[in-house]
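This report refers to the structure that appears directly beneath it.
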Amino acid sequence: MTSALRANKLAKTFRKPFMGTRVEAVKGVSFVVETGEVFGYIGPNGAGKTTSIKMIVGLIFPTSGTASIFGTRAPSPEAMSRVGFLPENPYIYPYLTPREFVSMCARLSGVSSSDLSRKVERVIDRVGMTEAIDRPVQALSKGMTQRVGLASALVHDPDLLILDEPMSGLDPIGRKDVRDLILDERARGKTVFFSTHILSDVETLCDRVCILKKGEVAVSGKLDELLANTSRVVEIALDGVSAQLRGKLSERGWSGKSMGDHFVLEVPAGPVVREVISAAYESEAAVVSVTPKRETLEKIFSRTL
Numbered sequence: 050m051t052s053a054l055r056a057n058k059l060a061k062t063f064r065k066p067f068m069g070t071r072v073e074a075v076k077g078v079s080f081v082v083e084t085g086e087v088f089g090y091i092g093p094n095g096a097g098k099t100t101s102i103k104m105i106v107g108l109i110f111p112t113s114g115t116a117s118i119f120g121t122r123a124p125s126p127e128a129m130s131r132v133g134f135l136p137e138n139p140y141i142y143p144y145l146t147p148r149e150f151v152s153m154c155a156r157l158s159g160v161s162s163s164d165l166s167r168k169v170e171r172v173i174d175r176v177g178m179t180e181a182i183d184r185p186v187q188a189l190s191k192g193m194t195q196r197v198g199l200a201s202a203l204v205h206d207p208d209l210l211i212l213d214e215p216m217s218g219l220d221p222i223g224r225k226d227v228r229d230l231i232l233d234e235r236a237r238g239k240t241v242f243f244s245t246h247i248l249s250d251v252e253t254l255c256d257r258v259c260i261l262k263k264g265e266v267a268v269s270g271k272l273d274e275l276l277a278n279t280s281r282v283v284e285i286a287l288d289g290v291s292a293q294l295r296g297k298l299s300e301r302g303w304s305g306k307s308m309g310d311h312f313v314l315e316v317p318a319g320p321v322v323r324e325v326i327s328a329a330y331e332s333e334a335a336v337v338s339v340t341p342k343r344e345t346l347e348k349i350f351s352r353t354l
């Protein structure tokens with residue numbers, strides 16, 4: 050099966066005006082998004098996420114490298130006809146209503162006149178904007194405007210959704226609605242590529258992730274494999290820990306801290322757990338709990354950066 054999106058050594062160098070200083074925003078980024086998956090594109094501010102997305106959809110030209118969408122070189126009219134794109138800060142004409150703006154986007158995307166009204170009303174309902182469908186956009190909140198932008202990306206039923214910070218400006222209910230919509234699109238066989246700073250959303254939604262660091266790919270792969278391949282940690286809570294036991298644990302590099310009535314430390318899973326428990330029993334300390342802790346994407350992200 051042809052990959053939905055493929056980036057091959059995409060790079061972009063900007064020149065600052067007047068001084069002519071070169072800034073390498075993206076440095077040879079490569080990744081593959083398979084058909085039917087949800088792909089998370091993450092990294093800190095300035096990592097190059099939005100710049101590389103703009104190169105893929107044709108808003109700026111790459112300095113070098115290529116991209117393809119369903120096997121067709123991007124950006125081309127053929128490739129982009131299968132894409133729904135939500136930019137980080139969508140601009141929507143303030144004097145139009147959601148119905149008028151989404152209708153305009155639908156016509157530009159090739160939706161026929163006979164289907165136009167039905168598709169526009171349906172997609173506006175999907176993003177929860179039916180009550181404001183005929184209200185001028187200038188009277189809408191930032192979160193409501195974000196929903197209208199999402200509707201414009203969905204109206205022509207694209208095979209690939211490219212969403213740059215789709216949760217921006219949304220309240221918790223709005224974020225849940227967008228998460229549900231992304232999962233619904235995947236269930237329909239669509240492909241979703243989105244960038245975000247909200248790592249919990251990535252863990253909930255994504256099949257695979259790519260982490261950028263200073264314009265380069267730092268980590269990439271299936272999310273479950275990335276989490277499984279990282280070191281496991283066990284949290285041990287002890288009671289009645291003497292100064293002698295603390296010193297003994299510290300000498301072995303197993304320092305902990307007091308939390309309430311307990312002394313808590315984290316150690317690698319495996320033989321170390323048995324050694325700590327044995328040392329506790331020898332010192333007549335009580336073992337309150339032994340809790341395996343699953344590695345999180347946030348920890349991988351922090352270590353990467």
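Start counting the sequence shown at 50; every next residue gets the next number (our numbering). Beta carbons are placed, not taken as given, at the ideal position from N, Cα and C, and that holds for glycine. Quantities reported herein were computed from a predicted structural model and do not represent experimental measurements.
{"Item": "I'd like the span of the beta strand (DSSP E) that includes residue 63, first residue to last.", "Value": "54–64"}
{"Item": "Taking the beta strand (DSSP E) that residue 283 belongs to, which residues open and close that run?", "Value": "282–288"}
{"Item": "Quick one: what's got a C-beta closer than 7 Å to residue 92's C-beta in the same chain, skipping five residues either side?", "Value": "98, 260, 261 and 262"}
{"Item": "So who's on the other strand from residue 245, going by DSSP bridges?", "Value": "91"}
{"Item": "Roughly how far, in whole angstroms, is the beta-carbon of residue 200 from the beta-carbon of residue 151, given that I think they are within contact range, below 8 Å?", "Value": "5 Å"}
{"Item": "Assign residue 201 to one of three DSSP states: helix, strand, or coil.", "Value": "helix"}
{"Item": "Straight-line CA distance for residue 226 to residue 249?", "Value": "15 Å"}
{"Item": "Mapping the DSSP letters down to three states, classify residue 312 as helix, strand or coil.", "Value": "strand"}
{"Item": "Since residue 259 sits in a beta bridge, which residues does DSSP pair it with?", "Value": "90 and 269"}
{"Item": "Would you tell me roughly how many angstroms separate the C-alpha atoms of residue 283 and residue 323, rounded to the nearest one?", "Value": "11 Å"}
{"Item": "Report the rounded CA-to-CA distance for residue 137 versus residue 270, giving the unit in angstroms.", "Value": "24 Å"}
{"Item": "Below 7 Å CB to CB, which residues in the same chain sit around residue 83 once its five sequence neighbours on both sides are set aside?", "Value": "52 and 53"}
{"Item": "With a 10 Å radius around its C-beta and 16 neighbouring C-beta atoms as the bar for buried, classify residue 308 as buried or exposed.", "Value": "exposed"}
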